[in-house]
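Numbering (full-length UniProt numbering), first residue to last: 1 to 343.
Glycine residues also receive a C-beta, built at the ideal position from the N, C-alpha and C atoms.
Here the structure is a predicted model, which is why all the values come from computation and not from measurement.
Structure, as structure tokens:
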């Protein structure tokens with residue numbers, strides 16, 4: 001039977017302290033590789049950023065193998081932060097995917113050696129159509145570097161693996177340089193949290209930045225109202241029927257005087273016992289309840305509730321919140337916020 005020389009050999013002799021030391025050495029080597037990039041944030045880097053910024057098309061990232069995986073991450077980061085971008089696999093490009101690239105696009109080609117065959121074969125196409133080519137390479141004298149409009153040096157002193165050949169430090173350096181490009185573009189474009197949220201509507205962060213109090217609050221007939229002279233037993237019925245844990249105490253003009261909460265009822269029972277139910281809402285209500293504008297983010301409402309250990313906030317009609325005497329437009333409850341996935 002033919003021996004399989006690629007079969008992995010098991011070795012259980014590594015001591016825990018040796019494993020820890022090896023892992024720390026990997027982190028240190030990769031950290032050093034990133035710090036070594038600092039002097040390379042130079043004119044070439046700035047030119048690359050400006051080319052991408054000025055482009056009327058998209059930023060197309062390409063790379064083979066591990067560099068391709070880093071390229072996908074760079075493209076995703078750019079696309080999610082205001083720079084339209086996508087990844088093209090260099091091996092697929094020559095089989096029709098070049099049709100996705102236009103003259104207005106910018107190419108970022110990643111190759112540690114700068115001699116990756118699948119990318120080198122694309123250079124004539126880039127030249128023919130005048131596509132701007134930026135190369136991230138570990139060899140600035142390589143074929144890819146010579147063909148590029150702008151070259152960014154991402155070379156590393158050594159890989160972090162003991163063999164010195166597995167892409168580790170080099171891929172870390174490429175990813176870090178990609179992040180540097182993306183973050184500079186974020187600032188250059190004036191990209192804000194709201195912009196990020198618009199591109200991430202289904203994520204928890206997007207929901208935190210997009211959903212406002214008015215999108216979640218309870219309004220209309222679902223609101224529990226009682227008068228100041230309403231007996232507590234009737235107030236309890238109103239609280240239970242509307243299931244918000246409170247009742248709004250309003251005068252004849254519908255202006256808010258206070259609220260009666262589950263907590264007020266519990267404290268009232270401790271203070272007055274059964275006599276509680278002979279009292280009216282005005283005698284037990286909490287005056288000056290906490291309020292929030294309907295235009296505030298629901299995430300801010302949640303933060304206020306957590307800070308003050310409460311479950312609801314009043315949403316007044318008036319733009320000037322915080323003053324008892326406003327008419328009530330709605331109530332925002334913590335359960336409705338959490339149902340939206342805002343955490």
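So what does residue i bridge to, in DSSP terms?
i: residue 258; result: 249
i: residue 333; result: 312
i: residue 327; result: 255
i: residue 111; result: 137
i: residue 280; result: 231
i: residue 297; result: 212
i: residue 291; result: 314
i: residue 286; result: 259
i: residue 218; result: 331
i: residue 88; result: Answer is none; residue 88 lacks a bridge partner.
i: residue 226; result: 249
i: residue 106; result: 59, 132
Beta-carbon within less than 8 angstroms of residue i's beta-carbon, same chain only, minus the 5 sequence neighbours each way: which residues are those?
i: residue 268; result: 232, 276, 279, 284
i: residue 126; result: 107, 133, 147
i: residue 70; result: 63, 110, 171, 174, 175, 178
i: residue 25; result: 160
i: residue 248; result: 223, 224, 225, 226, 256, 259, 314, 328, 331
i: residue 229; result: 280, 281, 282
i: residue 91; result: 64, 118
i: residue 188; result: 49, 53
i: residue 308; result: 290
i: residue 274; result: none
i: residue 317; result: 326, 327, 328, 329
Thinking residue i and residue j are a contact (beta carbons under 8 angstroms), I'd like their distance in whole angstroms, please.
i: residue 66; j: residue 87; result: With 8 angstroms as the limit, residue 66 and residue 87 do not qualify as a contact, their Cβ atoms being about 14 angstroms apart.
i: residue 259; j: residue 246; result: 5 angstroms
i: residue 85; j: residue 59; result: 4 angstroms
i: residue 180; j: residue 41; result: 7 angstroms
i: residue 211; j: residue 81; result: So it is not a contact: roughly 21 angstroms between Cβ atoms.
i: residue 104; j: residue 135; result: At roughly 19 angstroms, the Cβ-Cβ gap does not stay under 8 angstroms, so residue 104 and residue 135 are not in contact.
i: residue 369; j: residue 89; result: There is simply no residue 369 to check, as the chain begins at 1 and stops at 343 in what is shown.
i: residue 37; j: residue 154; result: 7 angstroms
Given residue i, which residues of its chain have a CB within under 7 angstroms of its CB, disregarding the five upstream and five downstream residues?
i: residue 34; result: 172, 173, 176
i: residue 158; result: 29, 164, 169
i: residue 347; result: Beyond the ends of the chain as shown, which are 1 and 343, falls residue 347; an answer cannot be given.
i: residue 244; result: 218, 224, 312, 331, 333
i: residue 14; result: none
i: residue 322; result: Confidence at residue 322 is low in this model, with a pLDDT of 47, below 50, so the placement of that residue should be treated as unreliable; the coordinate-derived value is given next. Around residue 322: 291.
i: residue 320; result: Only weak support is given to the placement of residue 320: the predicted model assigns it a pLDDT of 47, under 50, and the value that follows is read from those uncertain coordinates. If we look at residue 320 and ignore the five residues flanking it on each side, it has no Cβ neighbours.
i: residue 337; result: 216, 298, 301, 302
i: residue 98; result: 125
i: residue 286; result: 258, 259, 261, 264
Leaving out five residues on either side along the sequence, give the residues of the same chain with a beta carbon under 6 angstroms from the beta carbon of residue i.
i: residue 156; result: 33, 169, 170, 173
i: residue 52; result: 59, 106
i: residue 115; result: 142, 143
i: residue 214; result: 294
i: residue 77; result: 182
i: residue 242; result: 224
i: residue 167; result: 66
i: residue 57; result: 102, 104, 105
Taking 8 angstroms as the cut-off, is the beta-carbon of residue i closer than that to any non-hydrogen atom of the ligand FAD?
i: residue 235; result: Absence of the ligand FAD is noted for the structure shown, with no ligands found whatsoever.
Using a C-beta cutoff of 9 angstroms, does residue i count as contacting chain B?
i: residue 263; result: Considering every chain present, this structure includes no chain B. It has just one protein chain.
* Given 8 angstroms as the limit, is there contact between the region 222–232 and the region 118–125, that is, 3 or more CB pairs closer than that? -> no
* **the region 252–260 in contact with the region 294–304 per 3-pair CB rule at 8 angstroms** => no
* Hey, is the region 43–61 in contact with the region 138–155, meaning 3+ C-beta pairs nearer than 8 angstroms? -> Yes, the region 43–61 is in contact with the region 138–155.
* Hey, which unbroken runs of the beta strand (DSSP E) at 3 residues or more fall wholly within the region 126–191? -> 132–137, 150–153
* **Segments assigned beta strand (DSSP E), at least 3 residues, entirely inside the region 31–86** => Listed in chain order, the beta strand (DSSP E) elements of length 3 or more contained wholly in the region 31–86 are 59–63.
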